[in-house]
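Protein chains in written order, with the numbering used here: chain A, 1 to 113; chain B, 114 to 1019.
What follows is a set of notes on a single structure, which appears directly below.
See below:
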């Protein structure tokens, strides 16, 4: 099914949501991505990805507590749905399949570089 | 991670934060975010941005935080987060529903919608395109920063209290006196054309010197660039004209001479030869090419100081040598009319002796923005640059409005014709409780969407066609849809158009009585009023079309007439050659003349100070000997040699031609018939030997020429005097028989280059020079033709639509007629008759209108075509033909249809 394929960034966000479970929300995800991968991403990019993921039913969200830091606005916590887990697994399986298909020599030859 | 915000804040920071209760984010981006963001996403997004903001305050400081807050808000302006403005802004469900219905209706009958939308779009596009041209014509000289306070000082001459002439030329002392005497003047700037042009040479170390002849050179005051806003790309604006050897080039002339237009050519030397300057100049700057909407048009600028110092040395030169024109820049707070009154009599204060008791010279201030369209100086008196005709601008604007009206009429006609199809819809809506107002709004919404689609299409068309029209008339135009005035027009069309075009159909359609329409009696547009209105509109459309076709035909005929009419002299087979500018000697001239005359095929040779089609050498006042001093009238004077009248085949009616055998002034003058009439010198034979006084010289008439058109056919025959010169170096004319022109020209060129070394050989045919004078008329004709075509297409689209609907309405009638034995032919005739009748009626209205319009236009010309019956017959026949073809498709289709198809469902 074509629609279940994840974009690279979407996959990253989805995984991060898993890592932060159960308290994954916008700013937290952004910072986790920064600390784990060193990628500086903007809030709007993260939100855009979250929005897409939610539309695809890969994640679901609920409002959490409000903090003063946020000017009294509530956080929105994201969790992965069962469908999301399935998609992650499929994605991983695809990767593994491809990884395993790479001949050994590829890795040896490239050591020289 | 949520705990991060709680635990990671150290105690100290927490205290600070507590004290500050966190900083409020900047208001402007916050409101912007709240405005655009989807309500269900807002809390989350705003909270996240704010959290980030507060963290940044702690880490990087308030400024960086604020900056990133702005940035984040802007970054979130993406489709996923932005709410649907359309739905929420026009918080009107009915508008939405009506819109949906409108688009369904547009899609339902594609041919009808196509005709409707294209017709409107063509009308609007024509309107916009003409608007662009009109705006260009009106934009002349408005690009100068000071445009509103720059005036040209013109002089109006009166004889016996009657205005005889307005001129722009004056002595250089006028400028300096004005500047000295009047505090109202901020600065003045004098301009002196480089008369007769100059030969410019640059010497490259290695190659051949590059040489070209330049006509478009102005000698200007050193503050020229302060007064006018011509763009200086390279060079120092304040110093560029200050040195006596400076020369400024435009970009294209820089490229022509040096191959580049960058700073590397500063200081390079150009040698000028011709007129007053025979020396080297140094490039001190490069100007942008003069804008097309500038009346001052030049390729080179030179400083005026050396010219005045070197050439205007005589005491009388200051006022007497009127080769300058002067512009003044007024102080902002000075009143123009008061100032004008103050300077009006200045010429008399300074030059009392120049004017007789009956003469008067008044200075006038002409705003520079008026020069292009409102110049009151005739071309013959040397108006600078090409002037436009304000009447043709009005005329075109009228056409623009007419085309738009045609388009709207189409819309009204088609919508009303279609009304019966909507009858049941209206009936049902009313039956279940719709108010009339609601229905009116529904139909207006439909009109709004059709108009909007048409407007969009029109904008696309305008973008496409404005440059095309620019090429047609020879100017560089491009559509500027975001200009302030274009936006106003677009806005007006968008808001007023739907109401103007949609109101009547909306009223008609919403008025149906549900009981009637639901019973099945159709609205057929056959109530007396509606029928009359619709027919009236069609008649009006076709009256306009007839008017435009006849106008087009008249313009075409007049232009043709001017090109082909007998000028009273030979204009074909005459080659004109620019005379030499440097190392002119009589001996060289004589040698050249002899050799050219010896070329086989060359029949005549002449030299003259100017050429037909290029104006006279000068105009002045003259009177017959013995008459009172105040009876002077205007005459135009040029110098020619003894071969001139023969070369140009100007007939000598009485007396004799100039002859080299007669010495100098004994040759007297040649005058034309018109002069004899003007001065009442009796018959042409009696006039021979009479004397004319002009500029204190007494000239005796030795020959009378037949009237000929030295200038365009715009003006009548001038009173003309030709003065004798043994030889003139300015212009040579050669007449030859048509055999092998290229060889003859190349032979002449060889002789020219050997006789006048260092000069450029340039030639033109006289008929080209002459026809160039009609450029403005040609432009007008082109535009007029194009838009008449627009109007006709729009009118025919309307007719096509109307015909197709009336015929579909009468489909059953056709069926019954056929069943009863009517032939296809008789049915076609039956349907066509109505329209042909309408067209004939419209012609009755159009004929007097056209007659009036065409004669008004022809008043511009002294020599005109006759307005004959063919002027009206042709458009009528053409229109009948076009309309016939337009409706015949529909009528023939109807007449051939199988009656069974139409009657089956009764």
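C-beta: ideal position from N, C-alpha, C; glycine also.
As the structure is a prediction and not an experimental result, all values here were calculated from the model.
Span separating the alpha-carbon of residue i from that of residue j
i: residue 519 of chain B; j: residue 827 of chain B; result: 33 Å
i: residue 628 of chain B; j: residue 540 of chain B; result: 7 Å
i: residue 366 of chain B; j: residue 686 of chain B; result: 33 Å
i: residue 153 of chain B; j: residue 84 of chain A; result: 23 Å
i: residue 201 of chain B; j: residue 149 of chain B; result: Legend: pLDDT at residue 201 of chain B = 48, less than 50; position of this residue unreliable, value from coordinates given subsequently. Rounded to whole angstroms, residue 201 of chain B to residue 149 of chain B spans 11 Å at the Cα level.
i: residue 236 of chain B; j: residue 1005 of chain B; result: 29 Å
i: residue 203 of chain B; j: residue 216 of chain B; result: Model confidence at residue 203 of chain B stands at a pLDDT of 49, short of 50, so the residue's coordinates are unreliable and nothing is read from them.
i: residue 119 of chain B; j: residue 69 of chain A; result: Because the pLDDT at residue 119 of chain B is just 36, under 50, the model does not fix this residue reliably, and the point stays unresolved.
i: residue 618 of chain B; j: residue 529 of chain B; result: 5 Å
i: residue 474 of chain B; j: residue 389 of chain B; result: 29 Å
i: residue 598 of chain B; j: residue 578 of chain B; result: 19 Å
i: residue 531 of chain B; j: residue 82 of chain A; result: 58 Å
i: residue 613 of chain B; j: residue 647 of chain B; result: 15 Å
i: residue 951 of chain B; j: residue 681 of chain B; result: 47 Å
i: residue 586 of chain B; j: residue 603 of chain B; result: 24 Å
i: residue 86 of chain A; j: residue 80 of chain A; result: 10 Å
i: residue 100 of chain A; j: residue 138 of chain B; result: 52 Å
i: residue 35 of chain A; j: residue 141 of chain B; result: 32 Å
i: residue 812 of chain B; j: residue 966 of chain B; result: 45 Å
i: residue 110 of chain B; j: residue 464 of chain B; result: It is not possible to answer for residue 110 of chain B, since the shown part of chain B is limited to 114 through 1019.
i: residue 409 of chain B; j: residue 330 of chain B; result: 11 Å
i: residue 606 of chain B; j: residue 982 of chain B; result: 39 Å
i: residue 553 of chain B; j: residue 545 of chain B; result: 16 Å
Beta carbon of residue i nearer than 9 Å to that of residue j
i: residue 562 of chain B; j: residue 212 of chain B; result: yes
i: residue 441 of chain B; j: residue 266 of chain B; result: yes
i: residue 976 of chain B; j: residue 832 of chain B; result: no
i: residue 403 of chain B; j: residue 363 of chain B; result: yes
i: residue 239 of chain B; j: residue 903 of chain B; result: yes
i: residue 818 of chain B; j: residue 783 of chain B; result: yes
i: residue 721 of chain B; j: residue 750 of chain B; result: no
i: residue 663 of chain B; j: residue 993 of chain B; result: no
i: residue 160 of chain B; j: residue 527 of chain B; result: no
i: residue 940 of chain B; j: residue 996 of chain B; result: no
i: residue 920 of chain B; j: residue 944 of chain B; result: yes
i: residue 387 of chain B; j: residue 841 of chain B; result: no
i: residue 436 of chain B; j: residue 357 of chain B; result: no
i: residue 294 of chain B; j: residue 481 of chain B; result: no
i: residue 477 of chain B; j: residue 488 of chain B; result: no
Counterpart residues of residue i in DSSP-defined beta bridges
i: residue 298 of chain B; result: B/443
i: residue 746 of chain B; result: B/735
i: residue 811 of chain B; result: B/806
i: residue 330 of chain B; result: B/413
i: residue 399 of chain B; result: B/347 and B/362
i: residue 480 of chain B; result: B/264
i: residue 909 of chain B; result: DSSP output for residue 909 of chain B lists no bridge partner at all.
i: residue 303 of chain B; result: B/439
The ligand SAH heavy atom lying under 8 Å from the CB of residue i
i: residue 893 of chain B; result: For the ligand SAH, the structure offers nothing, since it holds no ligand at all.
Original post:
If contact means a Cβ-Cβ distance below 7 Å, which residues of the segment 167–187 of chain B contact chain A?
Top reply: Among the residues of the segment 167–187 of chain B, those with a Cβ less than 7 Å away from any Cβ of chain A are 167 and 185, in the order of the chain.
Subject >> Completely contained alpha helix (DSSP H) runs for the segment 429–473 of chain B, where each covers 4 or more residues >> reply: Here the runs fully enclosed are 430–433, 449–456 and 459–463.
Subject >> Contact residues within the segment 380–414 of chain B, judged by C-beta distance below 9 Å to chain A >> reply: Listed in sequence order: no entries.
Original post:
Using a Cβ cut-off of 7 Å, which residues of the segment 38–58 of chain A contact any Cβ in chain B, in chain order?
Top reply: The residues in question are 42, 43, 44, 47, 48 and 51.
**OP:** Select from the segment 137–163 of chain B all residues with a C-beta closer than 8 Å to any C-beta belonging to chain A, and list them in chain order.
**Re:** Flagged, chain order: 137, 138, 154, 156, 157, 158, 159, 160, 161, 162 and 163.
Subject >> Contact set between the segment 89–100 of chain A and chain E, restricted to residues whose Cβ is under 8 Å from the partner >> reply: Given the protein chain composition of this structure (A and B), no chain E is represented.
Original post:
Going along the segment 61–78 of chain A in order, which residues come within less than 9 Å of chain B, judged by CB to CB distance?
Top reply: Contact residues of the segment 61–78 of chain A toward chain B are 61, 63, 64, 65, 66, 67, 68, 69, 70, 71, 72, 73, 74, 75, 76 and 77 (C-beta to C-beta distance below 9 Å).
**OP:** Identify each residue in the segment 23–37 of chain A for which the Cβ-Cβ distance to at least one residue of chain B is less than 9 Å, and report them in chain order.
**Re:** Listed in sequence order: 23, 24, 25, 26, 27, 28, 29, 30, 31 and 32.
Subject >> 4 or more residues per run - each alpha helix (DSSP H) lying fully within the segment 847–881 of chain B >> reply: For the segment 847–881 of chain B, whole alpha helix (DSSP H) runs of length 4 or above, ordered along the chain, are 854–868.
Subject >> Minimum length 3: unbroken beta strand (DSSP E) runs contained in the segment 42–110 of chain A >> reply: For the segment 42–110 of chain A, whole beta strand (DSSP E) runs of length 3 or above, ordered along the chain, are 59–66 and 74–80.
Subject >> Segments assigned alpha helix (DSSP H), at least 4 residues, entirely inside the segment 761–809 of chain B >> reply: Counting only runs of at least 4 residues, the segment 761–809 of chain B fully encloses the following alpha helix (DSSP H) elements, listed from N- to C-terminal order: 786–791 and 797–800.
Subject >> Proximal residues, the segment 618–629 of chain B versus chain A, C-beta separation under 7 Å >> reply: Listed in sequence order: no entries.
**OP:** Using a Cβ-Cβ cut-off of less than 7 Å, list which residues of the segment 325–355 of chain B approach chain A; keep chain order.
**Re:** Answer in chain order: no residues at all.
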